[in-house]
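**Q** Have a look at the structure that comes next, please.
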Amino acid sequence: MTLHVRHWGTGDHVAVLVHGMLSNGECWWEIGPALAERGYRVVAVDLPGHGLSPAAPDAGLDGFVTALLKSVPAAPALAIGHSMGAFVLASALDRLAPERVVYVDTPFGPSRADFDPPTLTAAYTKAKERRTLDALDRHEPGWQQRDRVVEARAAEQFDVATSVSLLASVAGTDFAPPEHVPSLMIRPEPSRFVPPAAVEQLTARGVQVRSVEGAGHITWYGHHAEFMTALDGWLAAPLPKAA
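Structure representation (structure tokens):
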């Protein structure tokens, strides 16, 4: 499967962006141009069953990884993954081979082993139905209007069966960020998914952690400047020398 992609910029360095569940590549509408201004050629995917990419109700994690690798340039200078998209990205790192990787509010650690497809289907169907523009206008007043429009449209395009298949395929998996790629975690403060104990564990693995005060799970929505400040500070540091 080849995924739908969005592009910004024509720079010499490639940045690959991978969205989270219920979203799509349009969520990077502000981050993509900002990276393009910094000299990147930005490629943002719609994962299977999201946005304008095909549904794949039989695709597990391997299928998501294969589709991602088929759809983006190898060896990018930068790769950024949000939440569920970061699990896909982390699982692809050995073959994608980015110079640097950024995870955004990603709950690494043991995945639940008690996934029940009918229960998940009901839960994600309800989440899809509730993620309307009216609801986002009420519940996310700190987002920009375009953020809310993008997420409401993404919910309409979201294929529940594809994501249920993905989650069922990773039941019981203990996800941990690879240690051989220079890595950054950007999290909101406070974060339900990356609490202080997780910050300690990530730091012990060599992952730098930066926080955006008052942000939500889609950490750049409503906090674009703070998100880019956290990212820019890390990108400005030299890459560690290979052992």
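If you want the working numbering, it's the 1-based position in the sequence shown plus 429.
Here a beta-carbon is modelled for each residue, glycine too, at the ideal position from N, C-alpha and C.
No experiment lies behind these values; they were computed from the predicted model shown.
Excluding five sequence neighbours on each side, which residues of the same chain lie with their C-beta closer than 8 Å to the C-beta of valine 434?
**A** The answer, listed in chain order, is Gly454, Val472, Ala473, Val474, Asp475, Ser500 and Val501.
**Q** Rounding to the nearest angstrom, what Cα-Cα distance links methionine 375 and tryptophan 649 in this structure?
**A** Summary: the structure shown does not reach residue 375, with the chain confined to residues 430 through 672, and so no result is reported for it.
**Q** Who are the near neighbours of threonine 550 in its chain, counting only those whose CB is closer than 8 Å to its CB and skipping five residues on each side?
**A** Val589, Ala590 and Val593.
**Q** Excluding five sequence neighbours on each side, which residues of the same chain lie with their C-beta closer than 6 Å to the C-beta of alanine 515?
**A** Closer than 6 Å at Cβ, skipping near neighbours: Tyr532 and Thr535.
**Q** Can you list, in chain order, the residues of its chain with a C-beta nearer than 6 Å to that of alanine 672? Leave out the 5 residues immediately preceding and following it.
**A** Because alanine 672 sits at a pLDDT of 48, beneath the cut-off of 50, its placement in the model cannot be relied upon, and the following sentence gives the value as read from the coordinates. Cβ neighbours of alanine 672 beyond the five flanking positions: none.
**Q** How far does the beta strand (DSSP E) with leucine 432 in it reach, from first residue to last?
**A** Note, leucine 432: premise wrong, no beta strand (DSSP E); not H, not E.
**Q** Ends of the beta strand (DSSP E) at glycine 510?
**A** It spans 507-511 - the beta strand (DSSP E) in which glycine 510 sits, taken as one unbroken run.
**Q** Count the other C-beta atoms from every protein chain shown that fall within 10 angstroms of the C-beta of histidine 568, then say buried if there are 16 or more, exposed otherwise.
**A** It counts as exposed.
**Q** Just grab the DSSP bridge partners of aspartate 603 for me.
**A** In the DSSP output, where bridge partners are listed per residue, aspartate 603 has Pro539.
**Q** For alanine 583 and serine 482, which I take to be in contact (beta-carbon distance under 8 Å), what is that distance rounded to the nearest angstrom?
**A** Not really, about 12 Å apart at Cβ, beyond 8 Å.
**Q** Between the alpha carbons of tryptophan 458 and arginine 467, how many angstroms are there, rounded?
**A** The straight-line gap from Cα to Cα measures roughly 15 Å.
**Q** In the DSSP assignment, the alpha helix (DSSP H) including serine 452 goes from what residue to what residue?
**A** Run containing serine 452: none; DSSP gives neither H nor E here.
**Q** In the DSSP assignment, the beta strand (DSSP E) including valine 447 goes from what residue to what residue?
**A** That run of the beta strand (DSSP E) goes 442-447.
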